Amino acid sequence: MRRFEVYFLQKKIDGVWDTLERAQSVSVLVSSLVREFDARDDAEVRVLAGTYNESSEDWEFTQIFFVDRTAIELALSEHDDDDAGFGTGLDDEPAPVPGGQDFADAIHRASDDGDATETRIWSPRAMAARDDDDPLDDDVPVGPPPSFRPARRRSGQVFFVIGTVLIALMLTGAAILALGIAFDLPQIRPLVSTFQELTGGMTSGDATATSSADEVKPETTGQVVTYRGVAPSLRGRWSPGRCDESYIEFDADGLVVGTPGRPESLKVPVVETLEDDYTWFVRRSPDLVEHFQKLGSNDLQLVGDTTRSGFMARTSDILTRCP
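Read in order, the letters of the sequence shown correspond to residues 44 to 366 in this note's numbering.
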């Protein structure tokens, strides 16, 4: 079975072939061809099929259907004179001209079986060196086969862009909030105070090592050890730079952020600590667990949070244990 990639319906007007319609399927052109043929205003109508040659990167066109109304009517008239026509033989009624389903069957047969009415193949590059008329005039395809798929709706792209911008803004806000807590910025203190009021009843004195069913559960690796409050190995001061400039200090039931010579931040309570092979999981509330990755016995780094929405990655400076 032979297949073509594009089909052209053409009509000869003033001695020049004019492309009336092009389609990916020959079936689309059948009704238009019959309509043009029945219009009786021009004699010759044809269908060209185009194939893209991958090796030469060029288009080749084959005529797969041709009909000349003048020739058909002349033939019918001659047959009628010999009493062998297609008509009824009535003097006031012209002989019928073949068309309709006959055209459709002929076109489909030529398209599927490669039974072209004219085997000559036109190539735009080869024709440049000849005097033959361009069979497609100015409608010759350029490059690979054209796409007939409908254009994508742009509304989906607009929503995608808006969603991306909103997510980027939320991530930026979360990063600013985390840095503000880590460095005890004055603008962040009211938020920390509000958070402490909401979770103030969950200090380590009331905390247990047994997780509640309604708490978020972080994904762990390997064996997990659970500690009430802050794990002993985490207690003490940790600094993202120099300990005499800024630090985070864990005690048995929470953490504070401070700078030597300045008041420390409000204490952030820690309910429990989970430890697996690679990470410390510090539970601040039933809805929030911070992930501190182990980088060594004296180094760790905040890598993200587990909340009701799932895990969200975020990174901070590496914290080193102070002497």
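From the three backbone atoms N, C-alpha and C, an ideal C-beta is built for every residue, glycine too.
The structure presented is a predicted model; accordingly, all values stated were derived computationally and were not measured.
- Looking at V313, P366 and F51, the one whose alpha-carbon comes closest to that of S328 is V313.
- With at least 16 other beta carbons inside 10 angstroms of its own, K54 counts as buried.
- In this structure, S289 lies near S282, with their beta-carbon atoms less than 8 angstroms apart.
- Along the length of the segment 244-331, whole alpha helix (DSSP H) runs at least 4 residues long do not occur.
- In this structure, F293 sits near R278, with a CB-CB distance shorter than 8 angstroms.
- For F80, the uninterrupted alpha helix (DSSP H) segment begins and ends at S70 to D81.
- In this model, A211 and I205 are separated by some 10 angstroms (Cα to Cα).
- Take Y321, set aside five residues on each side of it, and the residues of its chain with a beta-carbon closer than 7 angstroms to its own are T264, Q336 and K337, in chain order.
- Per the coordinates, the alpha-carbon of G347 lies some 27 angstroms from the alpha-carbon of P303.
- Contact between V325 and V259 is absent: CB atoms are separated by about 13 angstroms, not below the 8 angstroms threshold.
- By the Cβ neighbour-count rule, F104 is buried, with 16 or more other Cβ atoms within 10 Å of its own.
- Put simply, the backbone Cα of T316 is about 23 angstroms away from that of A218.
- For the options C365, S70, F47 and E87, the alpha carbon positioned closest to that of V59 is the one of E87.
- Here V59 is bridged, per DSSP, to I56.
- Judged by DSSP secondary structure, N341 falls outside any beta strand (DSSP E); it is assigned neither H nor E.
- Per DSSP, E100 lies in no beta strand (DSSP E) segment and is marked neither H nor E.
- When secondary structure is reduced to three states using DSSP, I210 falls in the helix class.
- By DSSP's assignment, G216 forms no beta bridge with any residue.
- E318 and A274 do touch by the CB rule: their CB atoms are close to 6 angstroms apart, below 8 angstroms.
- According to DSSP, residue pairing for T94 in a beta bridge involves E103.
- In terms of Cα proximity to G272, the closest of V77, T358, I291 and D296 is D296.
- If you ignore the 5 residues before and after E48, its C-beta comes within less than 7 angstroms of the C-beta of G93, T94, Y95 and P188, all in its own chain and listed in chain order.
- Setting aside the 5 residues that flank it on each side, G284 is surrounded in the same chain by D360, each with a C-beta closer than 8 angstroms to its C-beta; the list follows chain order.
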